[in-house]
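S.K.:
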Amino acid sequence: MESTRVDRWLWAVRLTKTRPDAAAACRGGHVHVNDRPAKPATTVAPGDKIRARVGDTTRIVEVVRVIQKRVGASDAVTCYLDRTPAPPPTPYVPVAVRDRGAGRPTKRERRVLDKWRAEQRSAGF
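Numbers 55 to 179, taken from our numbering, label the letters of the sequence shown in order.
(1) Between the C-alpha atoms of Ser176 and Asp102, what's the straight-line distance to the nearest angstrom?
(2) How is Thr144 classed by DSSP in three states: helix, strand or coil?
(3) How long is the line joining the alpha carbons of Glu173 and Val166, rounded to whole angstroms?
(4) Grab the span of the beta strand (DSSP E) containing Lys169 for me, first residue to last.
(5) Comparing alpha-carbon positions, which option in Glu56, Asp61, Val120 and Arg158 lies nearest Tyr134?
(6) Can you pull the DSSP bridge partners for Ile104?
(7) Just the C-alpha distance for Ala106 and Pro145, rounded to the nearest angstrom, thanks.
(8) Who are the Cβ neighbours of Cys80 in its own chain at under 7 Å, not counting the five residues just before and after it?
(9) Rounded to whole angstroms, what is the Cα-Cα separation between Thr112 and Ala130?
(10) Among the residues of its own chain, which have a CB less than 6 Å from the CB of Val115, if the five just before and after it don't count?
(11) Just the Cα atoms here: how many angstroms apart are Val125 and Gly178?
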């Protein structure tokens, strides 16, 4: 077997949960094969680059092996090379913490908190 449908391959290597989800992603323009929009019946072969938006992330994979049947997760990972760039690191945002059961802050504590938050905003956090 040298090629298969892109919707079937996406489902077989577990990039999408169901085959209809893969077909819907293709019809919605969320799947590109070799930088061209792909229909569900677009064929993929080893060496093709697939960019698929799955959920809220965009996965970029290179086809290594073509399969048509869904396999276990450990076998599915061997069918593609993941070229997805690492997500940008999330910035550290300091948070004011109160002891449990301490109740609401007093007026003085509230002024101190407001001053601290203003300093954090001006520092770029």
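No residue lacks a Cβ here, since even glycine has one placed at the ideal position from N, Cα and C.
M.R.: By the coordinates alone:
(1) 48 Å
(2) coil
(3) 11 Å
(4) Run containing Lys169: none in the beta strand (DSSP E); it sits in the alpha helix (DSSP H), Lys161 to Ala177.
(5) Val120
(6) Val87 and Val115
(7) 27 Å
(8) Val60, Asp61, Ala92, Lys93 and Pro94
(9) 18 Å
(10) Ile104, Tyr134 and Asp136
(11) 47 Å
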